[in-house]
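Counting along the sequence shown from 1, when you hit position 6 you're at 160 in the working numbering, and nothing is skipped either side. Idealized CB from N, CA, C, for every residue including glycine. This one's a predicted model, so the numbers in the text were calculated from it and none came from an experiment. Heads up: the structure comes next, in structure tokens.
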Amino acid sequence: MGPGILQLPEELRCNIAHCLEREDICSLRLACKQLHAAATQSLFSFVRLYPYVESIGRYNAILEHPDFNSHVRHVELNTLDADEEETEMSGEAELEEDCLDAFKAFRKFPNLTGVTLRFSKHATSGNSWQGFGHWPQWTEWPETYEFRQPILKNFFKTLAHPSASKIKDVCIDNMQNMNDGKFMKSETALKVLSRLTALRLYIATEDHEGAPESNLEMEELHVFMAELRPLWLEPSASNLTTLVLYQDFYFGYSPKLDLRGLHIPNLRTLALGNYVFTHDWQLEWLASHSSSLENLYLDDCIVVFYAKHYDCDTDSDGYPIIQPSRATGRGPRTREYRFIDQSWSRILDHFRTHLSSLRHFRIGTSTRWRGRYDDRHYFHPAEYEDLSIGLYNDRYMMFDMGVGPCQYTDYQVNIPTPGGPQFSEHDGKGTADGDKAYAFLERLKGQDREDRDALVQLLNHIRQPLPADTDDVKDLMGRK
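Structure representation (structure tokens):
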């Protein structure tokens, strides 16, 4: 080992240690006295707790050790074993008392500033098909709403304790999209939310595997989005500097999330995952934070340029109003075709000209979406920071209520290619909006160039270099 690193200030040695893998940090602790302190601080800065005896034992040992507990800055509480594979209809999940006690003990770490609560990605509401009790439930995964809600309440009660007042960074991973409105309006919840500087919500929705096209009709999908602002965002807005909103089902259009009138005065970092752009007010809302917004991450976000609504009304802004079990199966279906004049080049140009404080921007896809299919995916509350920059083919989608398994589809984006699907009267051919959508598809290659140029101009404007693995701007198109 060269003497250079030993001559660095302790703070820099700690920063270097934080960049190493856990095994390397363990080795560094044993290398020499001068590196022991930095390696120890890094090794114990982030602690994970899983609901099995060995993990609980290690967690409690760190908590009770005076030389180690002071280094802990972030704790991750997991309701599922790291290697546990869930199966449906295996009974409701249950945590032992010693695990629940450990969950409540995180406030005893003297210098803790952040905490993550992680549930299973599989959510179960207990609601039944078409809302009738004699029909089978949508899903029957172990971590039901009744299992999750007491844990979430105790999580907030622990955060509200005076000894937890330093904790201002809260992440909830796989938070089910169902609220206890009474509790979220309680003094306990409001006390916690009002002091947070970072709120990261990774939202899990129920997925009906037998008929996934019916997911859109689940009432809680839309109720939760309507409640997200008054129950979570408005109470926390005054002090937030970091806001992360992800959902495993595309959101923003349907389900609708209306952020107009919400201002987060100190917002510096915003990360959105699976968010849908359609309306100009969304760009105006982002621009309203131009004096503070420095970091913007768009992870697997899309533009919907064409919507096909069946058997539903629309509100004054053109958003579909979804009703449970909207289709009766009798008589002709009502159809509405709507072209949405939005593009990524327009959005990126708007960021360049209106986000005056922006210093870092990423658009692309993170490892999280691969983790949806891998229960052993290694989660980090800020993994969006490493998402691969790119403008991928599925950045444009249609919203088609007549298809499955998901109404958000890029299937017909390939229409103009030889041998690709055809654009028919059923798709709106011959209607004013349908013809506009088809014209958009015909000029998609030209739109690719406009989008790519707009991204390069934005990155140049904020003096952010192109990704290291990008030899040519053409490499920004398509997945790596």
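Original post:
Do Leu394 and Leu426 have their CB atoms nearer than 7 Å?
Top reply: no
**OP:** Can you tell me which of the three DSSP states Met329 falls into?
**Re:** strand
Subject >> 7 Å Cβ cutoff met for Leu355 and Ile326 >> reply: yes
Subject >> Candidates Asp334, Lys262 and Arg513, of which the one nearest His315 by Cα >> reply: Lys262
Original post:
Candidates Cys455, Thr488, Leu447 and Phe459: which alpha carbon is nearest Thr468's?
Top reply: Thr488
Subject >> Which residues DSSP lists as bridging Ser542, in chain order >> reply: Thr519
Original post:
DSSP on Gln401, reduced to helix/strand/coil?
Top reply: strand
Original post:
Run through DSSP, which three-state label would Tyr206 get?
Top reply: coil
Original post:
Skipping 5 residues on each side, what residues in its chain have a beta carbon closer than 8 Å to that of Asp503?
Top reply: Ala608, Gln611 and Leu612
Subject >> Assigned exposure category for Thr241 - 16 Cβ within 10 Å defines buried >> reply: exposed
**OP:** Along the beta strand (DSSP E) that carries Asn232, what are the first and last residues, could you check?
**Re:** His228 to Asn232
Subject >> Within 7 Å, strictly: CB atoms of Val377 and Ile321 >> reply: no
Subject >> Buried or exposed (CB count within 10 angstroms, at least 16 for buried), Arg513 >> reply: exposed
Subject >> Reduced DSSP secondary structure (H/G/I, E/B, other) of Pro389 >> reply: helix
**OP:** Figure out for me which residue from Glu367, Arg506, Ala259 and Arg617 has the closest Cα to the Cα of Gly558.
**Re:** Glu367
**OP:** Would you identify the three-state DSSP class for Glu248, choosing helix, strand or coil?
**Re:** coil
**OP:** Would you list the one or two residues that DSSP bridges to Val201?
**Re:** Val229
**OP:** For the beta strand (DSSP E) holding Asn449, just list the boundary residues, first then last.
**Re:** Asn449 to Asp453
Original post:
Is the region 584 to 598 in contact with the region 425 to 444, if contact means three or more CB pairs nearer than 8 Å?
Top reply: no
Original post:
Taking buried to mean at least 16 other C-beta atoms within 10 Å of its own C-beta, is Arg617 buried or exposed?
Top reply: exposed
**OP:** Could you check how far apart the C-beta atoms of Ile456 and Cys466 are, in whole angstroms? I think they sit under 8 Å.
**Re:** The pair is not a contact, with the Cβ atoms about 21 Å apart (cut-off 8 Å).
Subject >> Distance, Ala352 Cα to Met551 Cα >> reply: 31 Å
Subject >> Leu249 vs Pro205 beta-carbon contact at 7 Å >> reply: yes
Original post:
Using CA coordinates, which residue listed in Gly600, Asp323, Asp454 and Pro296 is at the minimum distance from Ser390?
Top reply: Asp323
**OP:** Keeping to the same chain, check which residues put their C-beta closer than 7 Å to that of Lys258; ignore five residues upstream and five downstream.
**Re:** Asn308 and Thr312
Subject >> For Ser444 and His508, the rounded distance between their alpha carbons >> reply: 7 Å
Subject >> Outcome for Tyr565 when other beta-carbon atoms lying within 10 angstroms are tallied against a minimum of 16 >> reply: exposed
Subject >> Range of the contiguous beta strand (DSSP E) that encloses Asn428 >> reply: Thr423 to Phe431
Original post:
What separation, rounded to the nearest whole angstrom, lies between the Cα atoms of Pro621 and Asp540?
Top reply: 11 Å
Subject >> Residue burial classification, Leu416 (beta-carbon count within 10 angstroms, cutoff 16) >> reply: exposed
Original post:
How should Lys660 be labelled, buried or exposed, when 16 other C-beta atoms within 10 angstroms of its C-beta is the threshold for buried?
Top reply: Because residue 660 is not part of the residues shown, which for the chain are 155 to 634, the question remains open.
Original post:
From the DSSP output, which residues share a beta bridge with Val324?
Top reply: Val269 and Leu353
Original post:
According to DSSP, is Ile216 helix, strand or coil?
Top reply: helix
Subject >> Unbroken beta strand (DSSP E) run spanning Phe263, endpoints >> reply: Phe263 -> no beta strand (DSSP E), and no H or E assigned at all.
**OP:** Determine the contact status of Ala591 and Phe431, defining contact as a CB-CB distance below 7 Å.
**Re:** no
Subject >> Beta-ladder partner(s) of Ala461, from DSSP >> reply: Arg492 and Phe553
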